[in-house]
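Input: a single structure, listed below in C-alpha cells.
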Amino acid sequence: MPYKKILFIIFFILILPLKINSEEGVTDTEIRVAQFGPLTGPASPWSAVLKGAGFLFDLVNSEGGIHGRKIVYRIFNDDYNPAKTKFGVKELQEKVGIFAWIGGIGTETSLSVKDYLMNRKIPWISPFSGSKDLINPPNRYLFAVYPLYSFEAKVLCNYAIKNLKKTKIAIVYQNDGYGKSGLEGVSKVLAEYNMSLVAQIPVISTDTDMKSCALELQSKNADAVLLFTTTFAAFRILKISKDMHYFPQWMGGVAFNDHDLMYKISNGLWQGAITNNMINFNDTTKMRKYREAFKKAFPNDIYSPLFHAGVYVSEIFAEALTQSGRNLTRERLIEELEKMNDFQSIAGPKITFKPFNISDPECRRGTRETYLTQCLEGGKTKRLTNWISDETMLK
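Be aware that the sequence shown starts at 523, since it is given in my numbering, and climbs by one per residue.
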C-alpha cells in the first residue's frame, strides 16, 4: 500500500471521532446561544427580555457553567423588522455557529425565520409570540411557552363580560399574526355569549395617527377595549381618548404586563388597565438570590416582569442543558425538553411538553395558563385572579 494512502487512512481514523462528536455551536468550553429583539423601534420597551436572559446566563456562568461549559449569549437588534430579523439570524447562524436559539420578540419577526431554523434542525425555545402558526403544525425543533394570543384574548374577554359586566367589547389589533390571533380569540368567546364586537379596528405597527381609531371606539360606545398592538400604538390611543374624555376599560396581553414601565412611559395613562400575566415573583430562596445578584449587576434598574420573562425562558433552556449531560447534542436537548413534565421555573407557570407528534400541536405548547393583573396608581400591580386555563375559564 502506498505510503501516502496509509497516512490518509490513519488521518481519517483519527479525525472521524471528532467529526462524529462535534456539534455546531458547542466546544469543550462553551455553548453558543442567541436571541433577536427590538433594542430600538416601535417595540423597544420589550427589549428588557433580552437583558433578562443574559443575566441568567451570566449567573449560570459565574457558578461554573453547565457541565464545564460556559454559555456564550449573542443578541442583535432587529428593530421589530422581519427583514432585519432574517438577515441577522442567518448571519449569526452561518458566521458564528449557534447551537440553539431562545426567545426572539414578535410574531412576524419570528415567522420570518421559522422555516430557516427548522430546515436546519436548530432548536428554538420559546419565541416571544403567541401565534398558533408557530406550533400548528408542530415542528420537532420548536418549543413554545408563551401563551397563545387567542387564549389571552379569550381570558380578557371572558373576564370583561363575567366579572366586569361589560356589554360592548371592541378590539384594536395589529394587522398581522399577532393581532389577528387576538381577534380570533375574542370573537370565539363573544359567540359563546351570543354577542359580537362593536368595533374591530386594524392598525399597523408604524402607525402614528390613532385619532380615527379612538373616534370609532367612542362612537360605538365600547366599554371594554382589547389592545393587541405595540406599546406606543396603545399609548397614542389612550392619550387621544383621554383628550376626548373617553375612558373605557383598557385590556391587553402579556406584552403589556410590566405595569411599572407602562405607567411611567404613558405618564400614568395606563392606570386601571387589565392585562394577562405569566410571570411569578414568589418570595423563594432562589428568587432572593436572583434579586441580590440583580442589584449588584444593575444597581439603578428595576427587576421588571419583562426582565423576569427573559430569565424564565433562559432557565428552561438551562434546565434542558443540565439534563442533557456533558455529551451535548441538539437531539439530546430535544429529548430532554420533551421529558419536561410540570417543570417549575422560578418565574412562570409549570412547563410540560410531550414527544413529538405531527398531528398534535399541543406537544409543543408548554404552558396553558395565565392570570390577570391590574395597573394601580404609581405603576403598582394588583393581582385579580388565580391561574386561568381553558378548563377553568368558563366555569
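C-beta: ideal position from N, C-alpha, C; glycine also.
In three-state DSSP terms, what is residue i?
i    : result
M784 : helix
M809 : helix
E860 : helix
R905 : strand
G790 : coil
Q771 : strand
T689 : coil
I762 : helix
F650 : strand
T844 : helix
L705 : helix
V548 : strand
The alpha helix (DSSP H) spanning residue i covers which residue range?
i    : result
R554 : Segment E552 to G559 is the beta strand (DSSP E) holding R554; no alpha helix (DSSP H) there.
T874 : Note, T874: premise wrong, no alpha helix (DSSP H); not H, not E.
E585 : It is not in any alpha helix (DSSP H) - E585 carries neither H nor E in the DSSP assignment.
L922 : The structure shown does not extend to residue 922, since the chain is modelled only from 523 through 917, so no value can be given for it.
D798 : Per the sequence shown, the amino acid found at residue 798 is Asn instead of Asp. Here N798 belongs to no alpha helix (DSSP H); instead the beta strand (DSSP E) covers I796 to N799.
I624 : Where I624 is concerned, there is no enclosing alpha helix (DSSP H), although the beta strand (DSSP E) it sits in stretches over A622 to I624.
In angstroms, rounded to a whole number, what distance separates the CA positions of residue i and residue j?
i    : j    : result
A675 : A721 : 15 Å
L578 : G590 : 17 Å
P821 : I868 : 21 Å
S846 : N661 : 20 Å
V708 : C679 : 6 Å
V555 : Y768 : 46 Å
S703 : P877 : 26 Å
L843 : L581 : 15 Å
D745 : A682 : 9 Å
N599 : N716 : 44 Å
H830 : V571 : 7 Å
G790 : C735 : 21 Å
L854 : G794 : Per the sequence shown, residue 854 should be read as Arg rather than Leu. So the two alpha carbons sit approximately 46 Å from each other.
E899 : N685 : 21 Å
E841 : R642 : 23 Å
S911 : R596 : 34 Å
V618 : G547 : 8 Å
The beta strand (DSSP E) with residue i in it runs from where to where?
i    : result
V594 : K592 to N599
C897 : E891 to C897
Can at least three beta-carbon pairs, one atom from the region 706 to 724 and one from the region 689 to 697, be found at a separation below 8 Å? Yes: the two stretches touch, three or more of their Cβ pairs being nearer than 8 Å.
The region 629 to 648 touching the region 696 to 704, judged by at least three CB pairs closer than 8 Å: The answer is yes - the region 696 to 704 touches the region 629 to 648, with three or more Cβ pairs under 8 Å.
Between the region 745 to 754 and the region 766 to 778, do at least 3 Cβ pairs fall closer than 8 Å? The region 745 to 754, when compared against the region 766 to 778, does touch it at the 8 Å Cβ threshold.
Assess contact between the region 782 to 798 and the region 878 to 891, defined as three or more Cβ pairs (one per stretch) separated by less than 8 Å. Is contact present? Counting Cβ pairs under 8 Å, fewer than three are found: no touch.
4 or more residues per run - each alpha helix (DSSP H) lying fully within the region 723 to 763: Counting only runs that start and end inside the region 723 to 763, the alpha helix (DSSP H) elements of at least 4 residues fall at 733 to 741.
Counting Cβ pairs closer than 8 Å, one from the region 807 to 819 and one from the region 556 to 563, do we hit at least three? Cβ pair count under 8 Å is below three, so no.
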